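Novice: Numbering (the numbering used here), first residue to last: 661 to 954. Glycine included, every Cβ here is placed at the ideal spot set by N, Cα and C. Quick caveat, the model's predicted, so the values are computed rather than measured. Mind looking over this structure? Questions follow.
What follows is the structure, given as structure tokens:
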């Protein structure tokens, strides 16, 4: 896992390395709806066969992935489901590299303690602990923005930021924007270079960087590919969480897990890592451990 945070450009004004001309000065329903209009064609015609657009960029040691998508849930459902820190623990937990997540509150606000590890069963003392600050940054009747930030991450990564903003559309749908970014120091860059030259040499992202002589696409690779894969995994986690939100509480976890794995299987080239039984067995064990640890 490599992940993301910087202070919110919309609200705090700047993160020089990550700032870009298309980051709005004011986050609002009008701004997000304008983005929806600008992306209308791309949302209708894309490789995902979903109303979804993914973009990514790498500037020096900073990486950022953005997904804009239309989800088939009313804004009230999205707003309620993704409002609290415990709900976000349930979302993040679906990612196969998230081994544990606990929400808590102190004088500084809401926090998420997250342990990041490998894609198989792993004791928590062998995983990386990341402390996220959780904030509902903006909340109005037609717009919500939630942000998670962390100063430090695994293997020298830093400045994590996960941001979700949402606004209602006609027909009971909601337009959302997920932004996922992080910075990498020298240690992280060296580690990822070794990984992508060995075990990760065949791993690719979603952005088409060129075309092979036979017409087949050439996808981005290396760190940008890792960023795109994880941005998509978190988007699918959000969608899977929303899809199970109306189920009876005792059925929600299993439904989320089943939905998340099935969603990732639509993109085997980029997202397939383990079998369904391996994923479900691992997550059920991790959930039981999480209940005991709490």
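Secondary structure at residue 690, three-state DSSP: helix, strand or coil?
Specialist: helix
Novice: What's the C-alpha gap between residue 681 and residue 839?
Specialist: With a pLDDT of 35 at residue 681, under the threshold of 50, the modelled position of that residue is not reliable, and no figure is offered here.
Novice: Let me know the secondary structure DSSP gives residue 905 once reduced to three states.
Specialist: coil
Novice: With DSSP collapsed to three states, give me the class of residue 729.
Specialist: strand
Novice: Residue 838 lies in the beta strand (DSSP E); which residues open and close that run?
Specialist: 834 to 844
Novice: By a C-beta neighbour count over all protein chains shown, 10 Å radius and 16 as the cutoff for buried, is residue 952 buried or exposed?
Specialist: Flag for residue 952 reads exposed.
Novice: Can the beta-carbon of residue 795 be found less than 9 Å from the beta-carbon of residue 809?
Specialist: Going by beta carbons, residue 795 and residue 809 fall inside the 9 Å limit.
Novice: Could you give the distance in angstroms between the alpha-carbon of residue 677 and the alpha-carbon of residue 822?
Specialist: Note that residue 677 scores 31 on pLDDT, short of 50, meaning its location in the model is unreliable; the coordinates nonetheless yield the value given after this. Cα-Cα distance, rounded: 16 Å.
Novice: Where residue 721 and residue 908 are concerned, what is the direct C-alpha to C-alpha distance, given to the nearest angstrom?
Specialist: 44 Å
Novice: Does the segment 923 to 938 touch the segment 762 to 777, meaning 3 or more C-beta pairs lie closer than 8 Å?
Specialist: no
Novice: Name the residue from 842, 922 and 904 whose alpha carbon lies nearest to the alpha carbon of residue 719.
Specialist: Taking the Cα of residue 719 as reference, the smallest distance to any Cα among 842, 922 and 904 is reached at 842.
Novice: Might you give, ordered along the chain, the residues of its own chain that have their beta carbon closer than 6 Å to the beta carbon of residue 936, omitting 5 neighbours on each side?
Specialist: 921
Novice: Around the C-beta of residue 945, are 16 or more other C-beta atoms found within 10 angstroms, so that it is buried, or is it exposed?
Specialist: exposed
Novice: According to DSSP, residue 819 sits in a beta bridge with which residue or residues?
Specialist: Listed as beta-bridge partners of residue 819 by DSSP are no residues whatsoever.
Novice: According to the Cβ coordinates, are residue 755 and residue 894 closer than 9 Å?
Specialist: Yes, Cβ-Cβ distance for residue 755 and residue 894 is below 9 Å.
Novice: Where does residue 726 land, buried or exposed, given buried means 16+ other C-beta within 10 angstroms?
Specialist: buried
Novice: So if DSSP puts residue 761 in a beta bridge, which residue, or which two residues, is it bridged to?
Specialist: The partner list for residue 761 (beta bridge, DSSP) reads 774.
Novice: Among 695, 939 and 878, which has the Cα closest to the Cα of residue 870?
Specialist: 878
Novice: Going by C-alpha distance, which of 897, 748, 836 and 837 is nearest residue 793?
Specialist: 748
Novice: Exposed or buried, which one is residue 911 when buried takes at least 16 other CB atoms within 10 Å?
Specialist: exposed
Novice: Using a threshold of 9 Å, state whether the C-beta atoms of residue 874 and residue 731 are closer than that.
Specialist: no
Novice: The ligand FMN heavy atoms versus the CB of residue 887: any closer than 8 Å?
Specialist: Inclusion of the ligand FMN in the displayed structure is not the case, the ligand content being empty and no account of it being possible.
Novice: Along the alpha helix (DSSP H) that carries residue 785, what are the first and last residues, could you check?
Specialist: No alpha helix (DSSP H) contains residue 785, which DSSP labels as neither H nor E.
Novice: What's the C-alpha gap between residue 915 and residue 906?
Specialist: 10 Å
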